[in-house]
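At position 4 of the sequence shown (counting the first as 1) the number is 4 in the working numbering, and the numbers step up by one without a gap.
These notes concern the structure reproduced below.
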Amino acid sequence: MRKLLGSLAFRISRNRLSIWLYEKSLLKQVSQLPMPNHIGIIMDGNRRWAELKGLDKSLGHVFGAKKVE
């Protein structure tokens, strides 16, 4: 059990290090690019969310829009 937990802790630490290095690399790349004038937001899943909650599908879009505001 101890060996298993040690192995799991090592994999988690290694994964966190990999993510940190990847994020650092991305930030370096992005910081060298010009700032965009606008961005687009793709709101996906609002209809499915409403259906799961038992609400009308159109309400999913209303709640999704409020979340983005």
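No residue lacks a Cβ here, since even glycine has one placed at the ideal position from N, Cα and C.
These numbers come from a predicted model, not from an experiment.
- For Gly-45, there is no enclosing alpha helix (DSSP H), as DSSP marks it with neither H nor E.
- Look at Asn-15 here: in three-state DSSP terms it is helix.
- Taking the Cα positions, Leu-59 is about 25 angstroms away from Ile-39.
- In the structure shown, Gly-54 adopts coil according to DSSP, grouped into three states.
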